[in-house]
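Below is one structure, written out as structure tokens, with a few remarks after it.
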Amino acid sequence: MLDHIGVDVADIRTSRDFYEAALKPLGYRVIEELTPEQTGANHIVMFGIDAPEFVIAEDKAPGIGNHIAFRADTRAVVDAFYVEALKAGGRDNGPPGLRPDYGPTYYAAFVFDPDGFNIEAVCHAPD
Numbered sequence: 516m517l518d519h520i521g522v523d524v525a526d527i528r529t530s531r532d533f534y535e536a537a538l539k540p541l542g543y544r545v546i547e548e549l550t551p552e553q554t555g556a557n558h559i560v561m562f563g564i565d566a567p568e569f570v571i572a573e574d575k576a577p578g579i580g581n582h583i584a585f586r587a588d589t590r591a592v593v594d595a596f597y598v599e600a601l602k603a604g605g606r607d608n609g610p611p612g613l614r615p616d617y618g619p620t621y622y623a624a625f626v627f628d629p630d631g632f633n634i635e636a637v638c639h640a641p642d
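Numbering-wise (this note's numbering), the sequence shown opens with residue 516 and increments by one.
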């Protein structure tokens, strides 16, 4: 059901060191690290066992960018999530589409929930 959870942090180095040590006994490791030059925005560190499941991103206002990504089996499910979320009062934060910066088959949609949290549906299938 969950694909990954992301939280914003004030100091990426301090938080990376903390989570790397704390999550190691659970089998988590750094899967990937992206610089602001690579993302066009924030410094990001992704932790997981086989794939990214927990993501931290440096931000000047921690908490605002926190998000939950729900895994969808098909792109049509991502599209339906987006439509239904907007009908239910969510606000657009990125319509359904490929996000090649996140991966070649990363198809996602983003909405803000009623409290302003970034909620995502993502499909990793090729099409």
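C-beta atoms are modelled at their ideal positions from N, C-alpha and C, and glycine is treated no differently.
Since the model is a prediction, treat every value here as computed from it, not as a measurement.
Meets three-Cβ-pair contact criterion under 8 Å: the region 580-596 and the region 623-632 | yes
What are the complete alpha helix (DSSP H) segments, minimum 4 residues, inside the region 536-592?
-> 551-554
Residues near Val570 by beta carbon distance below 8 Å, same chain, minus five either side | His519, Ile520, Gly521, Val522, Ile559, Val560, Met561, Phe562
From the DSSP output, in three-state form, read off Asp616 for me.
-> coil
Boundaries (first-last residue) of the beta strand (DSSP E) holding Ala623 | 622-627
What separation, rounded to the nearest whole angstrom, lies between the Cα atoms of Gly609 and Glu573?
-> 20 Å
Any idea if Val598 is buried or exposed, counting beta-carbon neighbours within 10 angstroms, 16 or more meaning buried?
-> exposed
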